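Asker: I have a structure here, written as structure tokens, and I will follow up with some questions on it.
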Amino acid sequence: MKRLLLLGGGHAHAALLFKLIAAPLAGARVTLVTPKPYQTYSGMLPGLVAGHYRPEEIQIDIAALAHRAGVELVLENAVALNAARRRATLGEGRELEYDLASLNLGSLPNWFGVPGASEFAIPVKPFETFLAAWDALRVDAAKRLLRIGVVGAGAGGVELALAMRFALAAGGAPAEIVLFSDRPVALPEHAPAAQRRIARLLSMERVELCVDTRIVRVEAGALTDAHGKREACDAILWVGGAAPQPWLRESGLRVDKNGFVLVDATLRGVTHPEVFAAGDSATLDGAPHPKSGVYAIRHATVLEHNLRATLAGGTLERYVPQKEALALISIGRKYCLATHGDWALEGEWLWRVKDWIDRRWIRRFE
Ligand SMILES: Cc1cc2nc3c(=O)[nH]c(=O)nc-3n(C[C@H](O)[C@H](O)[C@H](O)COP(=O)(O)OP(=O)(O)OC[C@H]3O[C@@H](n4cnc5c(N)ncnc54)[C@H](O)[C@@H]3O)c2cc1C
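If you read the sequence shown in the working numbering, its first letter stands for residue -8, the second for the next number, and so on.
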């Protein structure tokens, strides 16, 4: 019996558990290590903040999936991996050995070495930390006019800035929300058509956009940009960039320049083929693609096939990333911007499409 160790209950492992319910892995004893019995679905998080969803509507019940799939669940954080000795260390010090492992650990916000950021800013991940801080902010906003800074104007930062603005205004406690982009635009990874639309939507919804503003220092109640300008903020939310679990660098697995595990097209570690990685944890060697849930979901199918093939001695599949992914960016109220390649569209009907897609994704796990 081979020991398969799954680290992290992300999109790819949730989808894998779901498949294992109907078709268990022959010849393997499977253990999943993840800190929470549920997984908060990031695609619906801005909708939760805006007040369109209840927490239980955006959670995947990982514990129930594991139970039904016959997978042992360990509610802990992995804190180290020794690829040479094939063992992972958990937060409480226990060590778990494996014959085959798969990493789907997601990512953390990247502080980019900015002094004070990890101390004084609220990280968007883990989502539980952010949601607790958001609850406290709402209480505070009911008592006084808050100025909230959001650092990072990619899709996640834009969506959360707009969702917070909408929720606070709807609750009768409008706050000033300032979104900081270190680039000349918001949504720098997207096409100019989407960037123009989002600039207009941010202005319409009264979210202040500060472009070319690289934050270089964070203190309690203020941040400073690269031009030396200091901005007072009652709270600072950090949504910038993606960083891996820091211990991956010391694992012995080959990692990319940022510390994410380098995998080949079959999602196996380039130096340790018995370790797979998927979702944000993985960087495809020679063909890196953006870190987003859309790709993590695509990894899931290949990961499942290749774990089965490795255990049964079959042929492994290759993952071919799609060139462009559709992005559906919610705008606080029930309105959405869709962008794919060069085009961008917006409307209330697109929010209904996004809502339908997101609910369908969650419901498949019930
Ligand atoms: C506000 C916001 C909105 C977003 N919206 C979208 C969107 O609409 N569409 C999209 O495609 N992407 C979106 N993203 C990006 C998306 O969140 C990530 O790319 C995606 O979640 C990565 O999926 P994953 O499967 O790699 O890991 P995740 O889904 O992040 O899961 C990682 C899992 O690993 C667990 N874990 C973490 N550390 C450890 C540890 N040390 N030991 C054990 N387990 C651990 C976590 O608890 C979690 O269960 C958004 C991001 C943000 C911040």
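C-beta atoms are modelled at their ideal positions from N, C-alpha and C, and glycine is treated no differently.
Quick caveat: nothing in here was measured; it's all calculated off a predicted structure.
Going by alpha carbons, who is nearest to A177 out of D276, R85, V230?
Answerer: Taking the first residue of the sequence shown as 1, we reach residue 177 at position 186. The candidate whose alpha carbon is nearest that of A177 is V230.
Asker: Any heavy atom of ligand 1 closer than 7 Å to the Cβ of T292?
Answerer: Along the sequence shown, one-based indexing puts residue 292 at 301. The answer is no for T292.
Asker: With DSSP run on the structure shown, which of helix, strand or coil describes Y286?
Answerer: As a first step, residue 286 is located in the sequence shown; it is residue number 295 there, counting from the start. DSSP places Y286 in helix when its eight states are reduced to three.
Asker: Could you check if E150 is buried or exposed, using at least 16 other CB atoms within 10 Å of its CB as the buried criterion?
Answerer: Counting from 1 along the sequence shown, the entry for residue 150 is found at position 159. That one is buried.
Asker: Sorted by chain position, which residues of the same chain lie with C-beta nearer than 6 Å to R245's C-beta, five sequence neighbours on each side aside?
Answerer: Reading the sequence shown from its first residue, position 254 is the one you call residue 245. The answer, listed in chain order, is L253, V261, T262.
Asker: Applying the criterion that 16 or more other CB atoms from any shown protein chain within 10 Å of the CB defines a buried residue, is T274 buried or exposed?
Answerer: Within the sequence shown, numbered from 1, the residue matching residue 274 stands at position 283. So T274 ends up on the buried side.
Asker: What span of residues does the beta strand (DSSP E) with A223 cover, start to end?
Answerer: The residue you call residue 223 lines up with position 232 of the sequence shown. Note, A223: beta strand (DSSP E), 221 to 223.
Asker: Which same chain residues end up closer than 8 Å to K370 when comparing Cβ atoms and leaving out the 5 residues on each side of it in sequence?
Answerer: The displayed coordinates of the chain run from -8 to 357. Any statement about residue 370 would go beyond what the structure contains.
Asker: Could you tell me which of K345, D247, F103, P28 sits nearest to D173, measuring between CA atoms?
Answerer: By one-based count along the sequence shown, residue 173 stands at place 182. Selected option, being the one with the closest Cα: F103.
Asker: When you compare the CB positions of T358 and L(-3), do they come within less than 8 Å of one another, or not?
Answerer: Residue numbering for the chain in the displayed model covers -8 to 357; residue 358 lies beyond these limits and cannot be assessed.
Asker: So, do the stretch 52 to 68 and the stretch 126 to 141 have three or more beta carbon pairs nearer to each other than 8 Å?
Answerer: With a cut-off of 8 Å, the stretch 126 to 141 and the stretch 52 to 68 do not count as touching, because too few Cβ pairs lie within range.
Asker: For the alpha helix (DSSP H) that E119 lies in, which residues bound it at each end?
Answerer: For the purposes of this step, residue 119 is taken as residue 128 along the sequence shown, with counting starting at 1. Where E119 is concerned, the enclosing alpha helix (DSSP H) stretches over 118 to 132.
Asker: Examine ligand 1 and report whether any of its heavy atoms sits within less than 7 Å of the Cβ of S93.
Answerer: Indexing the sequence shown from 1 puts residue 93 at position 102. It does not: the Cβ of S93 is nowhere closer than 7 Å to a heavy atom of ligand 1.
Asker: Near R240, what residues of its chain come up, given a Cβ to Cβ distance below 8 Å and the 5 sequence neighbours on each side ignored?
Answerer: The sequence position of residue 240 within the sequence shown is 249, counting from 1. Closer than 8 Å at the Cβ level, and outside the excluded window around R240, lie V246, G250.
Asker: Checking 8 Å against the spacing of the C-beta atoms, do G270 and N95 come in under that value?
Answerer: Working through the sequence shown from its first residue, we reach residue 270 at position 279. Working through the sequence shown from its first residue, we reach residue 95 at position 104. Contact: yes.
Asker: For A211, does the count of other Cβ atoms within 10 angstroms reach 16, so buried, or fall short, so exposed?
Answerer: If you number the sequence shown from 1, residue 211 lands on position 220. Burial call: exposed.
Asker: Taking only runs that begin and end inside the stretch 262 to 331, name each unbroken alpha helix (DSSP H) of 4 or more residues, in chain order.
Answerer: 284 to 303, all fully within the stretch 262 to 331.
Asker: With DSSP as the reference, please indicate the residues paired to P114 in a beta bridge.
Answerer: Along the sequence shown, one-based indexing puts residue 114 at 123. DSSP lists W229 as partners of P114.
Asker: Under the rule that 16 or more other beta-carbon atoms within 10 Å means buried, what is G140, buried or exposed?
Answerer: Taking the sequence shown and counting its residues from 1, one reaches residue 140 at position 149. G140 comes out buried.
Asker: Per the DSSP calculation, A19 is bridged to which residue(s)?
Answerer: Against the sequence shown, residue 19 aligns to sequence position 28. Answer by DSSP bridge pairing, in chain order: K(-7).
Asker: With distances taken Cα to Cα, identify the nearest neighbour of L228 among R343, I353, E110.
Answerer: The sequence position of residue 228 within the sequence shown is 237, counting from 1. For L228, the nearest C-alpha among the options comes from E110.
Asker: Going by DSSP in three states, V149 sits in which element: helix, strand or coil?
Answerer: Position 158 of the sequence shown holds residue 149. The answer is helix: DSSP assigns V149 an H, G or I state.
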